[in-house]
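Read in our numbering, the sequence shown has 138 at position 113, and its numbers run on one by one without any break. Each residue gets a CB set at the ideal place from its N, CA and C atoms; glycine is no exception. Small disclaimer: the values here were computed from a predicted structure and weren't measured.
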Amino acid sequence: MSRSGAVQCLCCPTLWNRHLDNATSRGNSRTTDRRRTFRPDYVSFAGTYQCNLSCPHCCVPIEWTDYLPIPVAVRFLEECHAAGLRTLGFTGGEPFLYPDFLVAVTKRAAELGFRFDKLMTNGLWHKDAAHAAVVLADVRDAGFTGKIGLSVDKFHGMETTRLVEFAKAVRQVFADDTALSLSYASSAPDKGLEPIRRLAAAVDGVIEWSDLLHRYLLVSNDFTMTLNWNHLAPVERAEKLPTERWDGTWFTEDYCEGPGQALIVNPRGEVKPCCGFASDLDQLTIGNIHTQSAEEIIRAGREHPYVGKVFREGLTAIRDEILARDPAALPGVTSNHCYFCWYVLTRGLANGVNGGGGKIGAWTDTTANFTGQLVQLGVKR
Ligand code: SF4
Ligand code: SF4
Numbered sequence: 026m027s028r029s030g031a032v033q034c035l036c037c038p039t040l041w042n043r044h045l046d047n048a049t050s051r052g053n054s055r056t057t058d059r060r061r062t063f064r065p066d067y068v069s070f071a072g073t074y075q076c077n078l079s080c081p082h083c084c085v086p087i088e089w090t091d092y093l094p095i096p097v098a099v100r101f102l103e104e105c106h107a108a109g110l111r112t113l114g115f116t117g118g119e120p121f122l123y124p125d126f127l128v129a130v131t132k133r134a135a136e137l138g139f140r141f142d143k144l145m146t147n148g149l150w151h152k153d154a155a156h157a158a159v160v161l162a163d164v165r166d167a168g169f170t171g172k173i174g175l176s177v178d179k180f181h182g183m184e185t186t187r188l189v190e191f192a193k194a195v196r197q198v199f200a201d202d203t204a205l206s207l208s209y210a211s212s213a214p215d216k217g218l219e220p221i222r223r224l225a226a227a228v229d230g231v232i233e234w235s236d237l238l239h240r241y242l243l244v245s246n247d248f249t250m251t252l253n254w255n256h257l258a259p260v261e262r263a264e265k266l267p268t269e270r271w272d273g274t275w276f277t278e279d280y281c282e283g284p285g286q287a288l289i290v291n292p293r294g295e296v297k298p299c300c301g302f303a304s305d306l307d308q309l310t311i312g313n314i315h316t317q318s319a320e321e322i323i324r325a326g327r328e329h330p331y332v333g334k335v336f337r338e339g340l341t342a343i344r345d346e347i348l349a350r351d352p353a354a355l356p357g358v359t360s361n362h363c364y365f366c367w368y369v370l371t372r373g374l375a376n377g378v379n380g381g382g383g384k385i386g387a388w389t390d391t392t393a394n395f396t397g398q399l400v401q402l403g404v405k406r
């Protein structure tokens with residue numbers, strides 16, 4: 026999730042970071058926009074929660090078996106286009122476990138003239154190089170022109186040999202040395218790079234910092250990949266990870282413009298306004314594409330007591346409101362936007378929405394923990 030970072034697969038940090046390859050100018054222009062409100066220009070589909078991995082920091086309920094029906098997704102895509110959204114991305118779960126969805130939605134999006142952002146993946150779903158090439162070629166032939174966003178960090182698979190196999194298949198199928206970008210979740214941009222360094226060594230590449238892009242690049246004869254950092258939020262499965270939550274610095278307001286201003290559709294058709302680590306919370310649901318149109322969902326987002334405020338007044342307004350009511354309401358100060366968001370939502374500290382929701386540990390239940398349904402935070406069930 027810019028914040029420079031937040032993203033992942035529906036959480037998956039596989040999902041986050043979607044804007045980062047082109048975000049700098051977009052984000053800057055938005056934060057000076059006086060008509061600040063929820064005005065999504067990006068739609069992202071998670072066709073499935075299912076995943077071939079089980080990362081310790083994942084906040085996707087990968088145990089759930091729901092698949093988003095293709096006709097429902099295509100209809101919503103068309104409504105998004107009519108509402109002025111022009112960019113499409115894919116997340117999950119592992120999106121490549123539902124290739125028919127990728128191909129069908131990509132095909133319609135290409136017909137409508139959508140710009141493609143990232144198709145996030147862990148790059149380890151394929152049986153072998155030939156399998157990867159066939160599926161990737163189907164997506165390419167459907168019209169996908171975005172980047173394949175590969176999650177490489179200590180939480181995702183660290184099977185360097187298979188990642189190289191996948192990266193080479195992408196390079197070959199798309200005939201483009203920039204077709205891949207990398208995402209990594211860690212506590213700071215210069216931390217957690219070891220798995221990427223191993224990948225770089227395996228493709229005879231180097232990792233270099235770009236002053237221009239303000240991020241690292243992996244460069245070799247065959248690849249030029251940008252590295253996108255996700256600020257790891259220790260929530261849900263990751264709640265017990267030894268990473269600093271209240272790190273002593275308040276986050277810098279960005280109105281969730283990095284990860285936000287999106288309609289993120291999960292396999293149950295629920296729509297969230299962002300792909301932050303807290304985004305699976307029921308409190309951030311602004312609609313469902315099975316029963317509502319894109320216009321209705323955007324309007325609901327603007328009118329939502331929490332979401333509307335985040336995009337209109339910012340997280341700092343929510344923070345200030347909480348502390349004005351009770352200066353001891355928060356255990357500390359944090360630079361991590363999405364951790365703050367998850368904390369205040371699950372604890373019921375924000376005005377207008379119930380507490381509860383979320384999940385600690387693996388998702389063993391078949392339903393979400395809805396708002397008001399309190400879970401014992403900090404205890405793995
Ligand atoms: S298990 Fe890992 S790869 Fe799969 S959705 Fe979760 S974070 Fe992404
Ligand atoms: S709304 Fe919350 S979870 Fe989403 S990007 Fe903003 S801070 Fe993160």
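Pair within 7 Å by beta-carbon distance, residue i and residue j
i: Val-68; j: Leu-122; result: no
i: Ile-232; j: Leu-224; result: no
i: Phe-115; j: Leu-144; result: yes
i: Gly-349; j: Ala-108; result: The question names Gly, yet the displayed sequence has Ala at residue 349. Taking 7 Å as the Cβ cut-off, Ala-349 and Ala-108 do not qualify as a contacting pair.
i: Lys-179; j: Gly-217; result: yes
i: Arg-133; j: Thr-112; result: no
i: Ile-343; j: Gly-326; result: no
i: Thr-249; j: Thr-203; result: yes
i: Ala-258; j: Tyr-364; result: yes
i: His-106; j: Leu-127; result: no
Residue i beta carbon near ligand 2 (any heavy atom closer than 6 Å)
i: Gly-301; result: yes
i: Cys-281; result: yes
i: Ser-304; result: yes
i: Cys-366; result: yes
i: Val-68; result: no
i: Val-335; result: yes
Cα-Cα separation between residue i and residue j, rounded to whole angstroms
i: Ala-135; j: Val-358; result: 44 Å
i: Ala-171; j: Cys-300; result: The question names Ala, but residue 171 in the sequence shown is Gly. Approximately 18 Å, taken between the alpha carbons.
i: His-315; j: Trp-234; result: 44 Å
i: Gly-373; j: Gly-168; result: 44 Å
i: Pro-81; j: Ala-71; result: 20 Å
i: Leu-205; j: Arg-337; result: 34 Å
i: Arg-429; j: Asp-229; result: Lying before the first or after the last residue shown, residue 429 is absent from the chain, which here runs from 26 to 406.
i: Val-159; j: Asn-77; result: 18 Å
i: Leu-370; j: Ala-154; result: 43 Å
i: Thr-341; j: Asn-361; result: 12 Å
i: Leu-149; j: Thr-62; result: 38 Å
i: Pro-94; j: Glu-184; result: 32 Å
i: Val-195; j: Asn-376; result: 46 Å
i: Leu-288; j: Leu-309; result: 11 Å
i: Asn-313; j: Ile-322; result: 8 Å
i: Thr-57; j: Phe-302; result: Bear in mind that a pLDDT of 46 at Thr-57, under 50, signals an unreliable position, so the number given afterwards is only what the model happens to contain. Taking the straight line joining both Cα atoms gives about 25 Å.
i: Asp-272; j: His-156; result: 44 Å
i: Thr-73; j: Arg-270; result: 30 Å
i: Glu-219; j: Ile-173; result: 21 Å
i: Asp-351; j: Asp-345; result: 10 Å
i: His-181; j: His-151; result: 15 Å
i: His-329; j: Asp-305; result: 16 Å
i: Arg-64; j: Tyr-280; result: 12 Å
i: Asp-46; j: Arg-240; result: For Asp-46, the pLDDT reaches just 43, beneath the cut-off of 50, and the residue's location in the model is therefore unreliable, although a value from the coordinates is still provided. If I take the Cα positions, the gap works out to 10 Å.
i: Gln-317; j: Gly-380; result: 25 Å
i: Asn-255; j: Ser-211; result: 6 Å
i: Val-164; j: Asp-247; result: 21 Å
i: Trp-367; j: Pro-298; result: 14 Å
i: Gln-197; j: Ile-347; result: 52 Å
i: Leu-355; j: Thr-274; result: 13 Å
i: Gly-437; j: Asp-307; result: Residue 437 lies beyond the stretch modelled for the chain, which goes from 26 to 406, so this question has no answer here.
beta-carbon residue i near ligand 4 non-hydrogen atom, thresh 6 Å
i: His-362; result: Ligand 4 is not part of this structure, which contains only ligand 1 and ligand 2.
Cβ-heavy atom distance, residue i to ligand 1, below 6 Å
i: Leu-175; result: no
i: Val-85; result: yes
i: Gly-217; result: no
i: Asn-147; result: yes
i: Leu-21; result: Past the edges of the chain, shown from 26 to 406, lies residue 21, and the structure says nothing about it.
i: Ser-79; result: yes
i: Cys-76; result: yes
i: Gly-118; result: yes
Min CB distance residue i to chain C below 7 Å
i: Asp-153; result: Included in the structure is just one protein chain, with no chain C present.
Sequence-distant residues of its chain with Cβ nearer than 7 Å to residue i (five each side left out)
i: Asn-53; result: Only weak support exists for where Asn-53 lies, its pLDDT of 35 falling under 50; the value from the coordinates is given anyway. Closer than 7 Å at the Cβ level, and outside the excluded window around Asn-53, lies no residue.
i: Ile-221; result: Val-177, Leu-207, Tyr-209, Ile-232, Leu-243, Leu-252
i: Arg-187; result: Leu-149
Cβ shell of residue i (< 6 Å), same chain only, five flanking positions each side left out
i: Arg-55; result: Reliability of the predicted coordinates at Arg-55 is poor, the pLDDT of 39 falling under 50, and the value obtained from them is presented with this limitation in mind. Cβ within range, chain order: Glu-282.
i: Trp-89; result: Tyr-74
i: Leu-266; result: Pro-259
Beta-carbon contacts of residue i that lie in its chain and below 8 Å, excluding the five residues immediately before and after
i: Glu-278; result: Gly-339, Leu-340, Thr-341
i: Pro-292; result: Ala-71, Gly-72, Thr-73, Tyr-74, Trp-89, Asp-91, Tyr-92, Leu-93, Gly-118
i: Val-130; result: Phe-70, Gly-72, Ile-95, Ala-98, Val-99, Leu-102, Leu-113, Phe-115
Contiguous alpha helix (DSSP H) assignments of at least 4 residues, all confined to the region 155 to 219: 185 to 199
Every unbroken alpha helix (DSSP H) within the region 293 to 343, with a cutoff of 4 residues, ordered by chain: 319 to 328, 332 to 337
Residue ranges of each alpha helix (DSSP H) run of no fewer than 4 residues wholly in the region 124 to 158, ordered along the chain? 124 to 137
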